[in-house]
Amino acid sequence: MRKTAQLWKYLIADFISASVAWLIFNILRYYDVAQYDGLNSFCSFLLYPRVLFVQLIIPFYWIVLHYYSGYYNKPFDKSRLSEFFVTLQTSIVGIIIIFFAILLNGIPEYFHLYYRQFVILFSIQFLITYFLRVLITNRAIKKIHRREWAIKALILGTGKNAHAVMNMLNKETSAMGYRVSGFVDVETMAGARCDGKESNPEENVLGNIEDLDSLIAKHGVEELIVAIDSEEDTVLLNLLYSLYHYKLPIRLPVNHVRILTGGVKVRTITGVPLVDVTDNNLSEAEKNIKHSLDKLFSAIILILLSPVYAYLAIKVKTDSPGAVFLKQERIGYMGKPFNIYKFRTMKEDAERNGPLLSSGENDPRVTKFGRFMRKYRLDELPQFWNVLLGDMSIVGPRPERKYYIDYIVKRAPYYYLLHNVRPGITSWGMVKYGYASTVGQMIERMQYDILYYENMSLLLDLKILIYTVKTILTGKGI
């Protein structure tokens, strides 16, 4: 609730900033140009239909631009320095767009005025926006320092690491407020303690891992901090994976990061480097842009290729008895199960004896038309609906069934990192490796997906899409 209130403060401040900045600019613009265009009063200029229309829409334009800068993603995760640069960059981009879309009209005798107006508008927009933002941020920082506002957290573990984290977060010099409700006793499946220390009721141990659901609800927990003493990487990774479905940030002390790959962000809090292992390498701006482009592109594909969908559906139905679409449960973002949709390429009873991977081009379970669709990856087309629903992205690690994930993590426990991003229709692994017919091959293909995770960017997504199109056109899908 507090995050929502803080977000609304920034939204209202940015709306006011944009409205006031544009009004001030219009006053200056009137005396520069408008009074020479037959508008003999400022009121008539402001009420001129085009001027009035722009005055009304310009605040919404800036709100959209600030959204795509990623500024609103984390209302409390701000510093005055980063706020300065984000506001500066967005102001420059926004004013350039306005300059060419609205102000510049190609009249040579006004060019010297336009460039001056560019500088004036940029200065007004940036200064007012940044000033109001800093007021809100400063007030939030003061409340955090006075511990009037604090992130409610639980520490999973009761050993040495857990107590060290608790002591550091409780320091008076803490730059970021945490209110730790207590410890959670973490045990392995076999019942042996992960942290090598007996629980002590006097040490504020609230319960064990089985009680976590109720503890999160009771204490209004906003973040989970994992600080166990176990030296076994598998124990930690399995614990992390069990926490994803809570959809809360999960942080680790830096000494636990040895088991992770390089694709994590570090934020120093009160001298203790805590790693958010539910984050990825995309910037907040890239996350918003990627998500919007996914939705837009998927909607366009579903509309434009609707005749192709209809044709493929008819062919699947006439090629062999059974349903047109295959619906399978896969594990997606943050470990959440979802139903993936594909055109059916196998006989209806292909998995009557349980889950079984395709053995490749000569798999007898694949239908004649199914083999053609696999070759050109046409069976994947229904997954654009999954993207539109928000379960998938166009580019991302391929989602797997839990049945196979349980096998994969025994040999490659870091597979869990891939759940920090939305799974994709296409991936680096699919482009470079293709379909996998064994768990071993799935692990080999996963190496490419781990590389993608560590190097995520919009440019890399574009490269993967280009290679995917090449794969489809050359019929190298199998």
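First residue of the sequence shown? That's 566 in the working numbering, and the numbers climb one at a time after it.
The C-beta atom is built at its ideal place from N, Cα and C for all residues, glycine as well.
Please read all numbers here as calculations on a predicted model, not as lab measurements.
Asked, Found
"8 Å contact criterion, which residue 720 and residue 749 should meet: CB distance rounded", "7 Å"
"Environment of residue 618 [buried if 16+ CB atoms lie within 10 Å]", "exposed"
"Any alpha helix (DSSP H) of 4 or more consecutive residues that is wholly inside the stretch 618-689", "645-663"
"Contact belief for residue 1033 with residue 996 at Cβ below 8 Å, rounded distance in angstroms", "6 Å"
"Nearest-angstrom beta carbon gap, residue 885 and residue 912 [assumed within contact, 8 Å]", "6 Å"
"Of the listed residues 931, 742, 706, nearest to residue 717 (C-alpha basis)", "742"
"The alpha helix (DSSP H) enclosing residue 1036, as first and last residue numbers", "1023-1039"
"Check whether residue 1044 and residue 593 have beta carbons under 8 Å apart", "For residue 1044 there is no data in the structure shown, the boundaries of the chain being 566 and 1043."
"Residue 693 (DSSP reduced to helix, strand or coil)", "helix"
"CB of residue 920 within 8 Å of CB of residue 966, strictly", "yes"
"Buried or exposed (CB count within 10 angstroms, at least 16 for buried), residue 960", "buried"
"Alpha helix (DSSP H) segment containing residue 867, residue limits", "849-869"
"Span separating the alpha-carbon of residue 862 from that of residue 747", "46 Å"
"CB-CB length for residue 1013 against residue 983, believed under 8 Å", "Not quite, the Cβ-Cβ distance comes to about 11 Å (not below 8 Å), so this is no contact."
"First through last residue of the alpha helix (DSSP H) which encompasses residue 567", "567-597"
"Straight-line Cα distance separating residue 889 from residue 1025", "33 Å"
"Reduced DSSP secondary structure (H/G/I, E/B, other) of residue 978", "helix"
"Cβ-based neighbour list, residue 937, same chain, cut-off 8 Å, excluding 5 preceding and 5 following", "943"
"Length at least 4, wholly inside the stretch 781-810: the alpha helix (DSSP H) runs in chain order", "798-808"
"Rounded Cβ spacing between residue 793 and residue 724 (contact assumed at less than 8 Å)", "7 Å"
"Environment of residue 875 [buried if 16+ CB atoms lie within 10 Å]", "exposed"
"Rounded separation between residue 1029 and residue 891 - CA only", "25 Å"
"Spatial neighbours of residue 756 in its chain, beta-carbon cut-off 7 Å, leaving aside the 5 residues before and after", "Low confidence applies here, because residue 756 scores a pLDDT of 44, under 50, leaving its location unreliable; read the following figure in that light. Here the set comprises nothing."
"Selected residue, minimal CA-CA separation from residue 843, among 1000, 860, 689, 816", "816"
"Rounded distance between the beta-carbons of residue 804 and residue 770, thought under 8 Å", "Contact doesn't hold; Cβ gap of about 16 Å is too wide."
"With 16 other Cβ atoms within 10 Å as the buried cut-off, status of residue 945", "buried"
"8 Å contact criterion, which residue 962 and residue 994 should meet: CB distance rounded", "7 Å"
"Nearest residue (CA-CA) to residue 901, options 654, 985, 849, 568", "985"
"Beta carbon of residue 855 nearer than 8 Å to that of residue 867", "no"
"Close-in-space but distant-in-sequence residues of the same chain around residue 978 (CB under 6 Å, 5 per side omitted)", "799, 802"
"Cβ-Cβ distance between residue 1011 and residue 980 below 8 Å", "yes"
"Inter-residue Cα distance where the pair is residue 894 and residue 664", "49 Å"
"Close Cβ partners of residue 694 (< 6 Å) along its chain, the five nearest in sequence each way excluded", "582, 652"
"Cβ shell of residue 645 (< 7 Å), same chain only, five flanking positions each side left out", "699, 702"
"Proximity to residue 869 [Cα-Cα], best of 641, 949, 932, 956", "949"
"Cβ-based neighbour list, residue 812, same chain, cut-off 7 Å, excluding 5 preceding and 5 following", "899"
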